[in-house]
Structure formats: C-alpha cells, structure tokens
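For reference, the structure discussed in these notes is given below.
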Amino acid sequence: MNKINKSIQSFLIGALGIFIFIMPLLTLFALAFETEGGFSLQNFNAIFSSSRSGLAIKNTLIVGGASTVLAFLLGGLYAFMVAYTNVKYKKLLEILIILPYLIPGYIVTLAWTSLFSGNGVINRLLMQLGLPKVSMYSLGGIIFVLGVSNAALVYLNLVDVLRKIPQEQEQASQVAGYSLKETLMKINLKSVRGPILSAIVLSFLSAIDNFAIPITLGTPGGISVLSTYIYEKAIGFGPTSFNEASALAIVLSSVSLVAVLIQKSLTLREKPLESQMASYHHRLALKPVKRRLLQTVLIVLLVILNIIPLIFMFLSSLHKGYVRSIFDVSHMSLANYQFILTTPGMYSGFLTSLWLTLSSLAVCLLIGVWVMYMKSRYQLKSVFFVETGASLTYSVPGIVLALSMIFYWGKVPNVYGTMLILWIAYVTRYALLLIRGSQTAFMTVGPELEEAAIVSGSSSIEKWFKIIFPMIRQQLLSSSFLMIVGALTELTLSSLLSAANSKTIGLTIFALQTGGDNAIAQAYSVLLTLLILTILMMRSRWENKEGKSK
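Numbering (UniProt numbering), first residue to last: 1 to 550.
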C-alpha cells in the first residue's frame, strides 16, 4: 500500500472512531452540564435534591447488590458442581444453566409473572394455606429474576477457570496434610480470586444496566431504578428533562465505572490462568448415592428456576382472557398465535428486527474486518479511536447510549424519528463484537500467506476470497451469532429510538404487556424463544460440522 492510500485509510478510520462512536457520548456528557446560562452543575443539583432521584439511586444499588449475591451463589454452585464433581448429564445441566442468559429479560419476566399470576396455581395454594400472595411486581421480584438470569453469567465466567487450576497444586496440598475443605479454600479459591471478582462485577453491571426487567416488574408497583428513571425523564416534557436525563446517565455510568475500577484495583496483581489447559476430569468423586442425589437436586432446581416458568408462560398463551385454571384444556386454542402470524402490526416487529439486525451486522462485519486488517498489517495508530469508541458504546448502559444517539444525531436532518437512528445505534452498540472477532481471526493469518498469493499471481480480490476469508470465516461467524441473538431481541435502544413505523420485537412484546394483552405477549414470547433456540441449534450444528471438516 502506498503512503497516500495509507494516509487516507488512517484518516477515515480515525474519523469513524471519533464522529460515529466517541462524539455521541461526549455530546451527552456536555448536555448534562448545559443550562440556560451556560455550563454549571445545576442539573446535578436538581437530581440530587430530588427524593425520586435519590430513591432511584438507592433502588439501583439494592437491586444490583442483592441480585449479584443471588447470581453468585447460584452461578458459583453450578460452576463448582459441573467443573469438579462426577455428576452426570453435564451437557444437559449446562443447557439448563445458560438458558435464562440466552432468553431476553422481558421474556423471562413474562414467564415468572405467568407462574405467579394473581389467580395462578401457586398463589391460590398460598391463599388456601393462609399465606400472603407472592407478587413479582416488587423490588424482591426484580432482584429474584435478575439474580436467576445473571447466574448463567457467573457460571460462564467461572467454570472454565476452575478447570484450569493445576491438579498438581491440589495433590501437593493434600500430600502436605491439608483436608479437602482447606485445599478448596486455600488453593482453589485463592487461584480464582480474580475471576470471581470479575464475575461479581460483571453480574453487578448487568443488573444495573438491565432495563427490561425493572421496567416490566417495577412500573406497576411504582418502583424506579436509574435505567427506568432515565427513560421516564427522557420521554418527559419538562424544559430540563433531557438535561437531567443526561445527568442521571452520567451518574449511572459513574456507578459502572467505579465498580470496574474497584475490580481492576483488587485484581491488579492476580496471575491469569489463560496459559493452563482446562481439565475435564472430575476432582471430587462422590459416592453413587450422593452423586445421584446431588444431580437429581441440581436438575430439579434448574427445572424449577428455568423451565417451569416457561411452561406456565406457554400454557397461559393458549388462553384468551381470564380463565380459572391455565390447565383447563377446554379453553385452550392457538388463537393468539394465529392473531400474531396473520396481523401485519404483529409480525412487522419481527421483520423490522430482522432487517435491522442483518443490515447492521453486515456493516459491523465490514468495519471489523477493515479496521483490524489495517491494524494487523500496517499498525495504524488511528485504529485506537475505533477500538476505544466501540468499547465505550458497548460497555455503557444501553439507555445511556440511546440518549446519546438522540442528542447527537437529533441535530442531523432526517435521522431522528426514523429507523435510521436505530440502525446507527445497533451498529455502534454491537460493532465491538465483530471488531474483537476480527482481531482474533487475523491472528491466524500471517502476512506470508498474502505474499505467497501475490507472488503466485493472485489479484487482491482472489487473495481475499481464496486465502483470507476461508481462514477467518469461522471466527467471524461465531461473533456474528453473538450479535444476532443480542440485536434481534434487544429492547433498551428501541424503547427510546423507535419511530412509529419501526417497532422491534422487544418493543412489540413490551407494548402488548403494558397494554394488558398478556396472553398475546406470552404467545409472541414463545415464538421468539423458539426462534432463539433454533438459531442456537443452527450454530451448534455448524460448529460440529466445521470441527469434523478439520
């Protein structure tokens, strides 16, 4: 590549990073300090002097902290049992564990509210026993659903690390006279202290960032957390609503930043275990009776937490209106499903989400491959702006990114109020997944392969399609699957950015639920869950096929 071409590419990459990824967030930051007289802390004074703001911050910390404790207890238990014990059916257990993480929060919420509906089996039983009803529309309900959902996040962060702890350390500890309990506490726990803190922080960040669960369960009970309170401010009509929403967004981002900094400072001297090979051999051999009891208890627990609510949601979706029992077969029908599949206003949400996801995926693929290729081959310094910007737009809470899109792109004609702003938000939100995937992919493609292709007479197009793409395809497809599942089901961005003609799947289900059409919302959620499971099965089959071909 000649010097002029390289300079042009460097300029374009830098401009992309600054004007598409970084500037929207800087605009949001500036607006938080903007007042009629210039710039001041007036917006922050207003929110901190408001009792509602204080309550929202308090609720955010309570929900984040309590749900993280529950998620860590469940996720840590799952990871220990799968990684260390000789329980059977580990593939089944893993599927049951990660299921709530793969299903959108608004569907998980619908499932639990179906299980604990006012006239449901459980609440009727509690009333017969003289006990009070359980309401999911409460602070406890939000904490519980978030904790159960984020347990999978803790599990995924710990299970592989536990397998990487060298067994020689454990054996040496036992030879030295330590008991099994002492070995686990002094060797294993100490070795994974860093990943444990990372899992806790990730769970906390996921909880305070979550919008779907608090807005669905908190709104009926008048419970606000920062993510939902920002949403309320943003859709309000006060003269300072946007400015105060920006200030609240900075508060929420600051809470996230403090959590990350605490985790970084506590794990600064921790030694990573990446270089160790994961061992899938069990380290705690339970006797047959104990093993069968433990695996039965674990499967029953997972079925109760992650499957039964979905079953109740499915049964509820087969009824129209009020019924005394969801098990009443005489009132069951597929009418709700027929309504969804034959009404344009219903299935248009699916078509909108599909178009937004696939079109933004194509752009993210181009950005990721282009930027990481230029970095790996020419070490362009301007790539820093794209990497930093994409990391910020992916890591900040979704509601914060949505606000920044409004303030920045609202000044550009024919963007705000159209599907285009939501499409831009999707690109900026999920580009990091494809950038990181491309970075990993190009590590496997050495420059000598390209040089050999050029020497053999291949053109640039032939070089890409015959040499580079076949080698990076698998990693790019893996990253693409992650983006498809996330973008296809997202709610936070579309809740603020969707136009009248661009309702997404998430927004359609949310509108149905808040409008009182629970049965139709449940039917829509069942269809979406089946779609997600189909996508995951396709990914699994493709990965197995790729593995066999190698």
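For each residue, glycine too, the CB sits at the ideal point set by N, CA and C.
In the structure shown, the three-state DSSP call for G457 is coil. M313 and T504 have their alpha carbons spaced roughly 21 Å apart. One thing to note: F407 has its Cβ within 7 Å of the Cβ of L28. Scanning its chain for C-beta atoms nearer than 8 Å, with the 5 sequence neighbours on each side dropped, one finds around S458 the residues K466, I467, in chain order. Taken atom to atom, the span from the alpha-carbon of A335 to that of L310 is near 19 Å. Assigned with DSSP and collapsed to three states, L318 falls in coil, not helix or strand.
For M136, there is no enclosing alpha helix (DSSP H), as DSSP marks it with neither H nor E. Under the three-state reduction of DSSP, L268 is assigned to coil, being neither helix nor strand.
If you draw a straight line from the Cα of A111 to the Cα of Q522, it is about 8 Å long. Distances from the CA of T388 to each of L420, Y416, I435 were compared; the closest alpha carbon is that of I435. When E168, Y524, F469 are compared, the shortest CA-CA separation from Q338 is found for Y524. DSSP places S478 inside the alpha helix (DSSP H), whose first and last residues are 469-488. When secondary structure is reduced to three states using DSSP, G65 falls in the helix class.
Under the three-state reduction of DSSP output, T85 falls in the strand class. Taking every protein chain shown into account, the CB of T529 has 16 or more other CB atoms within 10 angstroms, so this residue is buried.
Inter-residue distance for T492 and I509 is about 13 Å (C-alpha atoms, whole angstroms). The residue among L420, A441, S135, E462 with its C-alpha nearest the C-alpha of E450 is E462.
T534 is positioned such that its CB atom lies no closer than 7 Å to that of G506. Within the same chain, and ignoring the five residues on either side of S438 in sequence, the residues whose Cβ sits closer than 6 Å to its Cβ are G368, V369, M372. Rounded to the nearest whole angstrom, the C-alpha separation of L420 and V192 is 44 Å. Secondary-structure assignment with DSSP links T504 through no beta bridge to anything. Of the candidates K381, M405, M81, P104, M81 places its Cα closest to the Cα of L93. Short of 6 Å from the beta carbon of G120, and not among the five residues preceding or following it, lies no beta carbon of its own chain.
Only residues of its own chain outside the window of five on either side were considered, and among them N306 have a CB closer than 7 Å to the CB of L99, listed in chain order. Two segments are said to touch when three or more pairs of C-beta atoms, one from each, lie closer than 8 Å; by this definition the stretch 32-44 does not touch the stretch 390-399. The C-alpha of M538 is placed about 31 Å away from the C-alpha of A402. In this structure, I213 lies away from T228, with their beta-carbon atoms at least 7 Å apart. With a cutoff of 7 Å on beta-carbon distance, Q263 and L197 are scored as near each other. When Cβ pairs closer than 8 Å are counted between the two stretches, the stretch 54-61 is seen to touch the stretch 217-226, the count reaching three or more. Here G38 carries a strand assignment [DSSP, helix/strand/coil]. Under the three-state reduction of DSSP output, L392 falls in the helix class.
Here S360 is near Y426, since their CB atoms are less than 7 Å apart.
Contact check for I230 against A249 passes: the beta carbons are separated by less than 7 Å.
Between L74 and A151, the C-beta spacing is below 7 Å.
Excluding the 5 residues flanking it on each side, V526 has same chain C-beta neighbours closer than 6 Å at F314, S317, in chain order. Per DSSP, reduced to three states, the secondary structure at L293 is helical.
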